[in-house]
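Colleague: Below you will find the structure I want to go over with you.
Residue numbers (the working numbering): 25 to 259.
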């Protein structure tokens, strides 16, 4: 169950270098005492905000993983993005819009809740915050465009292999990486059925490309996965 852990302290925050305050000069922090963020914890599967709910706060993810889920007109859920430490989300209110999706923790998470009304005033007075936020929005837009290309140009096997390589950031073999997404959730994210996801993961385990254990994955043969991701030259 969610609860407020502490008052946010932007100047001493452990992820300040990843936040919208990353470029704010040290001496400017003493001038933003009017800003009152809160550090809040949530349990897995607890909803941080609902789709179409009025957007009153934005958030920075401090710890854990969160999925952004869009509910389609037919009632089906579609994961549109998985957030990691330092990601910003819930900024729909800046355009006077309601939240366009749900935000649901995949793990125990800790977020910094940023009141939009206060944040609007703050970024007007501090162009560094405005610039950092613009840079993040452009990054998110590019990621969304890349995902559209992935879904439209790549076959299911290529999509899944590319996802695993990006998720693990092509780190060295024999390193366990947290992957709390179920096969169904991976399918939602990549536009694949659970059967398709299961079939390819089983195939790659037989080929010793990957090893799985509950909530984690290990890339054993990165080159093998890269070949699967580029089988048609769509790299």
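Ideal placement from N, C-alpha and C gives every residue a C-beta, glycine not left out.
Only a predicted model underlies this, so the values are computations on that prediction, with no experimental measurement involved.
1. Rounded to whole angstroms, what's the CA-CA distance from residue 83 to residue 234? Just pull it up for me.
2. Can you tell which of 238, 187, 128 has the C-alpha that lies nearest to the C-alpha of residue 95?
3. Below 8 Å on the Cβ atoms is my contact criterion, and I expect residue 146 with residue 59 to pass it. Report the Cβ-Cβ distance as a whole number of Å.
4. DSSP state of residue 244, grouped into three classes?
5. Does the region 95 to 115 come into contact with the region 60 to 67, if we say contact requires no fewer than three beta-carbon pairs (one atom in each stretch) closer than 8 Å?
6. Select from 248, 134, 26, 180 the residue whose C-alpha is nearest the C-alpha of residue 86.
7. Quick check on residue 81: buried or exposed, where buried means 16 or more other Cβ atoms within 10 Å of its Cβ?
8. Roughly how many whole angstroms lie between the Cα atoms of residue 189 and residue 232?
9. Taking DSSP as the reference, what is the three-state secondary structure of residue 44?
10. Can you give me the C-alpha to C-alpha distance between residue 246 and residue 238, rounded to a whole angstrom?
11. What three-state label does DSSP hand residue 143 in the structure shown?
12. How long is the line joining the alpha carbons of residue 193 and residue 225, rounded to whole angstroms?
Modeller: Answer, in terms of the structure:
1. Locating residue 83 in the chain shown gives position 59, where the first residue counts as 1. Locating residue 234 in the chain shown gives position 210, where the first residue counts as 1. Going by the C-alpha atoms only, they are around 34 Å apart.
2. Residue mapping note: residue 95 aligns to position 71 of the chain shown, counting from 1. Out of 238, 187, 128, 128 has the C-alpha closest to the C-alpha of residue 95.
3. Locating residue 146 in the chain shown gives position 122, counting from the first residue. Locating residue 59 in the chain shown gives position 35, counting from the first residue. Right, their Cβ atoms sit about 6 Å apart.
4. Residue numbering aside, residue 244 sits at position 220 when the chain shown is read from its first letter. Correct three-state label for residue 244: coil.
5. No, the region 95 to 115 does not touch the region 60 to 67.
6. As a working mapping, residue 86 is identified with position 62 in the chain shown. Considering only alpha carbons, the answer is 134.
7. Position 57 of the chain shown, counted from the start, is the residue given in the question as residue 81. Under this definition residue 81 is a buried residue.
8. Sequence index remark: in the chain shown, residue 189 carries index 165 (1-based). Sequence index remark: in the chain shown, residue 232 carries index 208 (1-based). Computed Cα separation, rounded: 15 Å.
9. The count along the chain shown starts at 1 and reaches residue 44 at position 20. In the structure shown, residue 44 adopts coil according to DSSP, grouped into three states.
10. Taking the first residue of the chain shown as position 1, residue 246 is located at position 222. Taking the first residue of the chain shown as position 1, residue 238 is located at position 214. Those two C-alpha atoms are separated by around 20 Å.
11. The count along the chain shown starts at 1 and reaches residue 143 at position 119. Correct three-state label for residue 143: helix.
12. One-based indexing of the chain shown puts residue 193 at position 169. One-based indexing of the chain shown puts residue 225 at position 201. Computed Cα separation, rounded: 18 Å.
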